[in-house]
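To start, the structure itself, in structure tokens.
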Amino acid sequence: MKTVDVDKVTALAEPAIRGLGYELVDLEWKLEANAWVLRVFIDRIEGDGGVKLDDCAAVSHQLSATLDVSELIDVHYSLEVSSPGLNRPLKKESDFLRFVGKKAKIRTKHPVGPDETATRRNFSGTLIAVESGKVRIDVGDQTYDVPVDDVEKANLVFEFNNQQGR
Numbered sequence: 025m026k027t028v029d030v031d032k033v034t035a036l037a038e039p040a041i042r043g044l045g046y047e048l049v050d051l052e053w054k055l056e057a058n059a060w061v062l063r064v065f066i067d068r069i070e071g072d073g074g075v076k077l078d079d080c081a082a083v084s085h086q087l088s089a090t091l092d093v094s095e096l097i098d099v100h101y102s103l104e105v106s107s108p109g110l111n112r113p114l115k116k117e118s119d120f121l122r123f124v125g126k127k128a129k130i131r132t133k134h135p136v137g138p139d140e141t142a143t144r145r146n147f148s149g150t151l152i153a154v155e156s157g158k159v160r161i162d163v164g165d166q167t168y169d170v171p172v173d174d175v176e177k178a179n180l181v182f183e184f185n186n187q188q189g190r
């Protein structure tokens, strides 16, 4: 299996993507059907409206040139650039802060709770606040403070608007 230093690729890609007005949400390096794929997920730094096809094309063009010059990847691969989708992953503290008030799912590496007998690792609820490296999430019956460094996986939960069509 061909290894690529994903941290180095991320460090190279992030400023190139940011320079175009987008943020790097996630980056994956995978072997799929005997072919290497570098999958890059982007979002707008400011404003709403989501990521459009032209946005992905612009980032793909810039990032492809940047990666070719760097020679960080010395194997044939496909570059895919896309939106993070409705269930956007949450990776950094700034991601959680940006989406305070939204519904999310969080899975931690270790149990979290009010004391040392904690056994809960999965949380689904509303993001309330982010402070001092912890995400506060209201799961309905209780509020938990989850350390960002202990998050194994987190993503937004898309909510259908019941007001549509009225």
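Position one of the sequence shown corresponds to residue 25 (my numbering), numbered consecutively onward.
Where a beta carbon is used, it is the ideal one built from N, C-alpha and C, also for glycine.
None of the values given here were measured: they were computed from a predicted structure.
According to DSSP, what are the bridge partners of ILE66? Stepping through the sequence shown from its first residue, residue 66 is reached at position 42. LEU48.
Quick check on this structure: which residue in LYS126, VAL154 and ARG131 has the alpha carbon closest to the alpha carbon of ARG144? Along the sequence shown, read from residue 1 onward, the residue named residue 144 stands at position 120. With respect to the C-alpha of ARG144, the residue from LYS126, VAL154 and ARG131 having the closest C-alpha is ARG131.
Going straight from the alpha carbon of LEU36 to that of LEU96, what length do you get? Reading the sequence shown from its first residue, position 12 is the one you call residue 36. Reading the sequence shown from its first residue, position 72 is the one you call residue 96. The straight-line gap from Cα to Cα measures roughly 9 Å.
If contacts are defined as beta-carbon pairs under 8 Å, then VAL83 and LEU51 qualify, I think. What distance do you get, rounded to the angstrom? Here residue 83 corresponds to residue number 59 of the sequence shown, with the count starting at 1. Here residue 51 corresponds to residue number 27 of the sequence shown, with the count starting at 1. Beta-carbon to beta-carbon, VAL83 and LEU51 are separated by about 12 Å, too far to satisfy the 8 Å threshold.
Sub-9 Å separation of ILE66 and VAL105 beta-carbons: Stepping through the sequence shown from its first residue, residue 66 is reached at position 42. Stepping through the sequence shown from its first residue, residue 105 is reached at position 81. Yes, Cβ-Cβ distance for ILE66 and VAL105 is below 9 Å.
Less than 9 Å between the C-beta atoms of PRO171 and LYS158, yes or no? To locate residue 171, count along the sequence shown from 1; it is residue 147. To locate residue 158, count along the sequence shown from 1; it is residue 134. A contact, by the Cβ cut-off of 9 Å.
Is ARG42 buried or exposed, if buried means 16 or more other CB atoms sit within 10 Å of its CB? Position 18 of the sequence shown, counted from the first residue, corresponds to residue 42. That one is exposed.
SER107 vs VAL75 beta-carbon contact at 9 Å: Along the sequence shown, read from residue 1 onward, the residue named residue 107 stands at position 83. Along the sequence shown, read from residue 1 onward, the residue named residue 75 stands at position 51. A contact, by the Cβ cut-off of 9 Å.
Within 10 Å of its beta-carbon, does ALA142 have 16 or more other beta-carbons around it, so buried, or fewer, so exposed? Taking the first residue of the sequence shown as position 1, residue 142 is located at position 118. So ALA142 counts as exposed.
Does DSSP put THR150 in a helix, in a strand, or in coil? As a first step, residue 150 is located in the sequence shown; it is residue number 126 there, counting from the start. Correct three-state label for THR150: strand.
Helix, strand or coil for PRO39? Go by DSSP, reduced to three states. Residue 39 sits at position 15 when you count from the first residue of the sequence shown. Note: PRO39 maps to helix in three-state DSSP.
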